[in-house]
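Quick note, the sequence shown lines up with residues 60 to 667 if you use the numbering used here.
Every residue gets a Cβ at the ideal spot worked out from N, C-alpha and C, and that includes glycine.
These numbers were taken from a predicted model, which means no experiment stands behind them.
To keep things clear, I will list the structure first and then write my remarks on it.
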Amino acid sequence: MFVLPQPIDMLKNIFGYTSFRRGQEEIIDNILKGNDALAIMPTGAGKSLCYQIPAVLSKGVSIIISPLISLMKDQVDALRQSGVQAASINSSMAWDEVVSIFRLVSKGKIKLLYIAPERLENNGFIEFLHSLDIALIVVDEAHCVSQWGHDFRPSYLNIAPAIASLRQRPVVTAFTATATPEVREDIIRQLELRSPFSVTTGFDRENLFFQIEHPADKTKYLLEYVKKFPNVSGIVYCSTRKEVESVRDKICRSGISAVRYHAGLDSDERLQSQEAFIYDKVGIIVATNAFGMGIDKSNVRYVIHYNMPATMDAYYQEAGRAGRDGLPADCILLFGEKDIMTGRYFISLSEDAATKKAAYLKLRGMVDYCHTTGCLRSWILNYFGEEDVPETCGSCGSCTSQTDLVDITTEAKKIISSVYRMAEHTGGRKFGSAILTDVLRGSQKAQIKSLGFDKISTWGIMKGYKAEAIRNMVNFLTAEGFLQIEDGEFPVLSFTGRTTQFLKSDTKLLMRKHEESAEKPLSIRKRKQVESVNEELFDSLRTLRKELAAAEGVPPYVVFSDKTLSAMCETLPSDREAFLEVPGVGSVKLEKYGDAFIDAIKEWRSSS
Numbered sequence: 060m061f062v063l064p065q066p067i068d069m070l071k072n073i074f075g076y077t078s079f080r081r082g083q084e085e086i087i088d089n090i091l092k093g094n095d096a097l098a099i100m101p102t103g104a105g106k107s108l109c110y111q112i113p114a115v116l117s118k119g120v121s122i123i124i125s126p127l128i129s130l131m132k133d134q135v136d137a138l139r140q141s142g143v144q145a146a147s148i149n150s151s152m153a154w155d156e157v158v159s160i161f162r163l164v165s166k167g168k169i170k171l172l173y174i175a176p177e178r179l180e181n182n183g184f185i186e187f188l189h190s191l192d193i194a195l196i197v198v199d200e201a202h203c204v205s206q207w208g209h210d211f212r213p214s215y216l217n218i219a220p221a222i223a224s225l226r227q228r229p230v231v232t233a234f235t236a237t238a239t240p241e242v243r244e245d246i247i248r249q250l251e252l253r254s255p256f257s258v259t260t261g262f263d264r265e266n267l268f269f270q271i272e273h274p275a276d277k278t279k280y281l282l283e284y285v286k287k288f289p290n291v292s293g294i295v296y297c298s299t300r301k302e303v304e305s306v307r308d309k310i311c312r313s314g315i316s317a318v319r320y321h322a323g324l325d326s327d328e329r330l331q332s333q334e335a336f337i338y339d340k341v342g343i344i345v346a347t348n349a350f351g352m353g354i355d356k357s358n359v360r361y362v363i364h365y366n367m368p369a370t371m372d373a374y375y376q377e378a379g380r381a382g383r384d385g386l387p388a389d390c391i392l393l394f395g396e397k398d399i400m401t402g403r404y405f406i407s408l409s410e411d412a413a414t415k416k417a418a419y420l421k422l423r424g425m426v427d428y429c430h431t432t433g434c435l436r437s438w439i440l441n442y443f444g445e446e447d448v449p450e451t452c453g454s455c456g457s458c459t460s461q462t463d464l465v466d467i468t469t470e471a472k473k474i475i476s477s478v479y480r481m482a483e484h485t486g487g488r489k490f491g492s493a494i495l496t497d498v499l500r501g502s503q504k505a506q507i508k509s510l511g512f513d514k515i516s517t518w519g520i521m522k523g524y525k526a527e528a529i530r531n532m533v534n535f536l537t538a539e540g541f542l543q544i545e546d547g548e549f550p551v552l553s554f555t556g557r558t559t560q561f562l563k564s565d566t567k568l569l570m571r572k573h574e575e576s577a578e579k580p581l582s583i584r585k586r587k588q589v590e591s592v593n594e595e596l597f598d599s600l601r602t603l604r605k606e607l608a609a610a611e612g613v614p615p616y617v618v619f620s621d622k623t624l625s626a627m628c629e630t631l632p633s634d635r636e637a638f639l640e641v642p643g644v645g646s647v648k649l650e651k652y653g654d655a656f657i658d659a660i661k662e663w664r665s666s667s
């Protein structure tokens, strides 16, 4: 393959796009000028192109450090499909395969070599690196190097010493989709980046529809949802292995195929599940957070969290596996009170007090997110330190909700008053929401009587309310800052600056009513807005794509993304010149697949 002199030419001829996305060109230019770089870019924003183009244009080999075999395989497959010389080495390969790749790299026949960070623990491999002309080192999923991040991996700490040992230091770059300001600084420090060109293109994924649900029956909601969208790919995340098994069984018993993925399964079954999902042999994978990092499947149309994750960092990364192709996708979180207990249990297993404290704060943040009546997208963007965030987006579950807002001003004042009376009665002691709920409902429990709470004025003043309804109100008050949780092993409630202001004002407090059923508009409805394309033709092209992918042993989305298929349906190219104009079609893919897709489109037009 000849090397194109200009990044913009390579973008079209190899990758099939006519213009760079926000931030891409600046990153590429800085890398080619020899500057280190740190890029925080949302999933689907084209991070990989930012290092793939400089890697091909630079003299020498580029080493891409990636956390998972699946990610390496996906990216290598995609690059080869586009005519780029790429390879990966991993622990599942036979030694003779590894040696063969070493030889190709040494001869200059590989431009991008993907490895896992654990490979850098091998002295023999480090010696091999010393013999190479290395142009660029890329650290993907760079947040894994930070102990402040949500997915710290000790193996990433091998990277900086390995780079320092090289006879000549190459350009070093780091990429991640999610990183708070603290994590960004830690990435620079841990990887020893030298005055890196840093770019944060924003965390917003405009094509993702965020929604929080509080269903009385999570299983019912989930089954109703997946049955409405039987022909698309989706991920269902659960917090425990036991929940994965249960949810997957319920989906299968309803007549829908689904596979499972968690760390308790043997490696063969995990691989089978992953490949069945990636190769579109099955539409749904039910998994713990052991699944997903680095999965490059672009046509995931929904991610449903059956349980609330413990941190916003983890949630946004997992939810971000939807809609990587830029088409609309759903990110739905099904909240239940038990999710808080599960999160607290996992945190309690840690022995480090500082780690526990930080984890409790992050868990409280997730509970606040699940109870806010404000814009969900704005909440997320503010969490990650985005600037100039609008108050509303007009396209999340909160902004588009048709659910009634109910006035809970009176109830809120009763709750706050009870927090005060309980503290007053016990000499300033603070209590959690469970005992507060018991007091408000007039519980006769021994603990309530022993503390004398059955004698205070607020005992039983919300006797007619369900415990869950009161807890939802308490969570809402903490989410909106009218109460605060002092986290620890036993979280307790206390007042904030807003508490007194609220009690003295005539402000009405409105909370969104929690639905008791899942019978509400489901949101891949937005996909239909883009589907001005003919579904029959789209399905025909998708079938063709699957056949071609199977023949080559690659995932279907590696051949063409759903977005590219949609563009074909809209433009209906009738010759090779027109086909090359379709976004996502480069010269290599034109030669490999152009005639087959053009013929399929012509056949559809003649029969319609």
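7 angstroms Cβ shell around residue i - same chain, five flanking residues per side excluded
{"i": "D463", "result": "K572"}
{"i": "Q376", "result": "A236 and T237"}
{"i": "G385", "result": "G103, N266 and K622"}
{"i": "E578", "result": "At E578 the pLDDT is 46, less than 50, meaning the model places this residue with poor confidence and gives no usable figure here."}
{"i": "T517", "result": "K473, S476, S477, R480, V498 and L499"}
{"i": "R226", "result": "H189"}
{"i": "G511", "result": "H484"}
{"i": "L603", "result": "A655, F656 and A659"}
Helix, strand or coil at residue i [DSSP, three-state]
{"i": "S553", "result": "strand"}
{"i": "E590", "result": "Confidence in E590 is poor, its pLDDT being 49 and thus under 50, which makes the residue's placement unreliable; the coordinate value appears in the next sentence. Reduced to three states, the DSSP call for E590 is coil."}
{"i": "H321", "result": "coil"}
{"i": "S460", "result": "coil"}
{"i": "Y668", "result": "Summary: the structure shown does not reach residue 668, with the chain confined to residues 60 through 667, and so no result is reported for it."}
{"i": "V231", "result": "strand"}
{"i": "E545", "result": "strand"}
{"i": "A609", "result": "helix"}
{"i": "L108", "result": "helix"}
{"i": "A96", "result": "strand"}
{"i": "M521", "result": "coil"}
{"i": "L569", "result": "strand"}
{"i": "A236", "result": "coil"}
{"i": "F336", "result": "helix"}
{"i": "K445", "result": "Before going further, note that residue 445 is Glu rather than Lys in the sequence given. E445 falls in the coil class under three-state DSSP."}
{"i": "L70", "result": "helix"}
{"i": "E200", "result": "coil"}
Straight-line Cα distance separating residue j from residue i
{"i": "Y76", "j": "A238", "result": "28 angstroms"}
{"i": "D389", "j": "F269", "result": "6 angstroms"}
{"i": "F70", "j": "E611", "result": "The amino acid at residue 70 is misidentified as Phe; the sequence shows Leu. Approximately 24 angstroms, taken between the alpha carbons."}
{"i": "C429", "j": "K340", "result": "33 angstroms"}
{"i": "R380", "j": "L163", "result": "33 angstroms"}
{"i": "S165", "j": "I112", "result": "21 angstroms"}
{"i": "K421", "j": "D68", "result": "45 angstroms"}
{"i": "F79", "j": "E85", "result": "10 angstroms"}
{"i": "A659", "j": "S599", "result": "8 angstroms"}
{"i": "K522", "j": "I474", "result": "12 angstroms"}
{"i": "D411", "j": "T432", "result": "34 angstroms"}
{"i": "H321", "j": "K301", "result": "10 angstroms"}
{"i": "I337", "j": "F443", "result": "30 angstroms"}
{"i": "D355", "j": "D133", "result": "6 angstroms"}
{"i": "A146", "j": "Y374", "result": "31 angstroms"}
Close Cβ partners of residue i (< 8 angstroms) along its chain, the five nearest in sequence each way excluded
{"i": "R488", "result": "M481 and A482"}
{"i": "G382", "result": "G103, R264, N266, L267, V359, R360 and A388"}
{"i": "F597", "result": "E590, L624, S625 and C628"}
{"i": "D654", "result": "R635"}
{"i": "N593", "result": "C628, W663 and S667"}
Cβ shell of residue i (< 6 angstroms), same chain only, five flanking positions each side left out
{"i": "V345", "result": "V295, V303, V306, R307, A317 and R319"}
{"i": "T259", "result": "I99"}
{"i": "A335", "result": "V318 and V341"}
{"i": "M60", "result": "Confidence is the limiting factor: at M60 the pLDDT is only 39, short of 50, which leaves the residue's position unreliable and the question unanswerable from this model."}
Proximity test, residue i beta-carbon vs the ligand ADP heavy atom, cut-off 7 angstroms
{"i": "S298", "result": "Ligands are entirely absent from the displayed structure, and the ligand ADP is therefore not among its contents."}
Ignoring anything shorter than 3 residues, give me the beta strand (DSSP E) runs that lie fully in the stretch 244–306, in order along the chain. Counting only runs that start and end inside the stretch 244–306, the beta strand (DSSP E) elements of at least 3 residues fall at 256–259, 267–272 and 292–296.
Kindly confirm or deny that the stretch 248–263 and the stretch 111–126 touch, where touching means at least three C-beta pairs closer than 8 angstroms. They do not touch, by the three-pair rule.
Stretch-stretch touch, CB-based, cutoff 8 angstroms, three pairs: the stretch 186–206 with the stretch 104–121: Because the criterion of three Cβ pairs below 8 angstroms is met, the stretch 186–206 and the stretch 104–121 touch.
Entirely within the stretch 339–377 and at least 3 residues each: give me those beta strand (DSSP E) ranges in chain order. Fully contained in the stretch 339–377 are the following beta strand (DSSP E) runs of length 3 or more, in chain order: 343–346 and 359–364.
Touch test, the stretch 358–370 against the stretch 275–295, Cβ-Cβ under 8 angstroms, three pairs minimum: Here the stretch 358–370 lies against the stretch 275–295, with 3 or more beta-carbon pairs under 8 angstroms apart.
Whole runs of the alpha helix (DSSP H) within the stretch 119–197, excluding any shorter than 4 residues: You should have 128–140, 154–165 and 182–189.
If you scan the stretch 454–516 from start to end, which runs of the alpha helix (DSSP H) of 4 or more residues do you find wholly inside it? Segments of the alpha helix (DSSP H) lying fully in the stretch 454–516: 468–484, 492–499 and 505–509.
Counting Cβ pairs, one atom from each stretch, are 3 or more of them under 8 angstroms apart for the stretch 210–221 and the stretch 171–182? Touching, yes, given that three or more Cβ pairs across the two stretches are closer than 8 angstroms.
The stretch 393–403 touching the stretch 366–374, judged by at least three CB pairs closer than 8 angstroms: The stretch 393–403 vs the stretch 366–374: in contact.
Where are the beta strand (DSSP E) runs, 3 residues long or more, that stay fully inside the stretch 367–442, in chain order? Fully contained in the stretch 367–442 are the following beta strand (DSSP E) runs of length 3 or more, in chain order: 388–393.
For the stretch 545–565 against the stretch 444–454, are there 3 or more C-beta pairs whose distance is under 8 angstroms? Contact fails between the stretch 545–565 and the stretch 444–454, because fewer than three Cβ pairs, one in each stretch, are under 8 angstroms apart.
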